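K.L.:
Residue 38 in the working numbering sits at position 35 of the sequence shown, with consecutive numbering throughout. For every residue, glycine included, the Cβ atom is placed at its ideal position computed from N, Cα and C. The structure displayed is predicted, hence computed values, not measured ones.
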Amino acid sequence: MQIISGTTDFLLQGASAVAIGKFDGMHRGHKALLSEILEAKKRGLQAVVFTFDPPPAVLFSGKAVKGLTTREEKRRLFRQIGIDVLIEFPLTFQTAAISPEDFLRVIVQEQIRAKLVAAGTDLSFGDRGLGDCKLLKARAEAYGYEVKIIDKVLEDGEEISSTRVRQAVEAGKMQEAAKLLGAPYAVMGTVVHGRQLGRTLGFPTVNLMPPADKLLPPNGVYRSEVECSSGVFKGLTNVGVKPTVEHGDHPPMSVETYIYDFSEDIYDSFITVRLLTFERPEQKFADVEELKEQLQRDIAAGAR
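1. Are E285 and N210 closer than 7 Å when you measure CB to CB?
2. Just to confirm, are D208 and Y261 a CB contact at a threshold of 7 Å?
3. Where does the unbroken alpha helix (DSSP H) through V51 begin, and where does it stop?
4. Counting only runs of 3+ residues fully inside the region 119–197, write out the beta strand (DSSP E) ranges in chain order.
5. Taking all protein chains shown into account, do 16 or more other C-beta atoms lie within 10 angstroms of the C-beta of E91, making it buried, or fewer, making it exposed?
6. Taking the alpha helix (DSSP H) that K44 belongs to, which residues open and close that run?
7. What residue does the beta strand (DSSP E) around R226 start on, and which one ends it?
8. Which residue comes first and which comes last in the beta strand (DSSP E) that contains S102?
9. Considering Cα atoms alone, identify which of D130, D135, L183 is closest to H30.
10. Per DSSP, what are the beta-bridge partners of G238 in this structure?
11. Classify Q286 as helix, strand or coil using the three-state DSSP reduction.
12. Taking 7 Å as the threshold (C-beta atoms), are L41 and A18 in contact?
13. Going by DSSP in three states, K295 sits in which element: helix, strand or coil?
14. Taking the beta carbon of P103 as the centre, do at least 16 other beta carbons fall within 10 Å, making it buried, or is it exposed?
15. Candidates E158, R131, K118: which alpha carbon is nearest V21's?
16. Excluding the 5 residues preceding and the 5 following P213 in the sequence, name in chain order all residues of the same chain whose CB lies nearer than 7 Å to its CB.
17. For my contact list, L278 and R116 are in at a C-beta cut-off of 8 Å; report their separation, rounded to the angstrom.
18. In angstroms with no decimal places, state the Cα-to-Cα distance between D154 and T124.
19. CA-CA distance, F55 and P93?
20. Would a C-beta distance cut-off of 7 Å place G70 and D216 closer than the cut-off?
21. Do V168 and A181 come within 7 Å of each other at the CB atom, strictly closer than that value?
22. Can you tell me which of the three DSSP states P59 falls into?
23. So, at 6 Å on beta carbons, what are the nonlocal neighbours of E76 in its own chain, with the 5 sequence-adjacent residues on each side left out?
24. When DSSP builds the beta bridges, which residues end up paired with A20?
25. Along the chain, where does the alpha helix (DSSP H) containing L80 start, and where does it finish?
26. Which residues in the same chain as T98 place their Cβ atom closer than 8 Å to its Cβ, once the five residues preceding and following it in sequence are excluded?
27. Tell me the rounded alpha-carbon separation between S64 and F206.
28. To the nearest whole angstrom, what separates the beta carbons of G85 and K44, a pair I think is in contact under 8 Å?
29. Taking buried to mean at least 16 other C-beta atoms within 10 Å of its own C-beta, is E292 buried or exposed?
30. Looking only at its chain, what residues have a beta carbon closer than 7 Å to the beta carbon of D135, apart from the 5 residues adjacent to it on each side?
31. Tell me, to the nearest whole angstrom, how far the beta carbon of P132 is from that of F106; I am working on the premise that it is less than 8 Å.
Here it is as structure tokens:
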């Protein structure tokens, strides 16, 4: 997959089918949108995703916004499904002020060379977001592209959105989040060396240190599954700061997982941890021995 990032100066070689959106979370609505360009790929068009970096909410609020999927996670997901080109368009106050007409003429027609444009019903582009589906359709003949507008996907009679997924994750409702996403909520990353306390307690674990912009569910223990190069394994994951053993005012957030029936050394390997169900809140124990006893109970319960 070709990644175009940090520049507005690009030109694709060959005709394309492009999906435009923020794609935070890659929920079922996004997947419906992406399926259109993947279908067009079978007809010989390049499958292209056009998104923004940073997301509009970050630029216009001036505040850091935690995402359901990090940049690296998005890249991996797009690569896995067969996207040919990912455009992470640099969003600044200057580039956001492009007229909607110029966005379609210069970026969509001339640079992306789009023959098909897929977008959701809430599409907005150009200066003050004045470009919309109506304008996209109105310019289709002039600029030589076909338009596919994807209706909102519903779950329990309500629209699936990144906001709705975010609310489920923030509440620790992992099964609800999975229904909206079409897959369990995941944290991806490279396994790092921790303090190896779990190993000394008889419960070796793998550790991920998620970036600060990754939205995590409430601190606690979760049933999980772990995907690594050798397969998918059952796991038990602690999301949080490990208050029994970590000290200081700002202990680091980690995603630490015990993997059942697993003995491989996967330090420095890339893994995906999917959080399936919330089991209990993270808590501080009186001492390491009390922590060990609780871990034994957690692991035994997770094995059932």
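P.N.:
The answer reads as follows:
1. no
2. Per the sequence shown, residue 208 should be read as Thr rather than Asp. Their beta carbons are under 7 Å apart, which means T208 touches Y261 by this criterion.
3. Taken as a continuous stretch (DSSP letters only), V51 belongs to no alpha helix (DSSP H), being part of the beta strand (DSSP E) at 49–56.
4. 149–153, 188–193
5. buried
6. 31–44
7. 223–231
8. No beta strand (DSSP E) contains S102, which DSSP labels as neither H nor E.
9. L183
10. S227, I262
11. coil
12. no
13. helix
14. buried
15. K118
16. V190, G192, L219, M256, V258
17. Rounded, the Cβ-Cβ distance is 40 Å, inconsistent with contact.
18. 6 Å
19. 6 Å
20. yes
21. no
22. helix
23. M191
24. A50, L119
25. 74–84
26. T11, F92
27. 43 Å
28. 7 Å
29. exposed
30. L126, S127
31. The residue asked about is misnamed: residue 132 is Gly in this sequence, not Pro. Between F106 and G132 the Cβ distance is about 11 Å, and since that is not below 8 Å, they are no contact.
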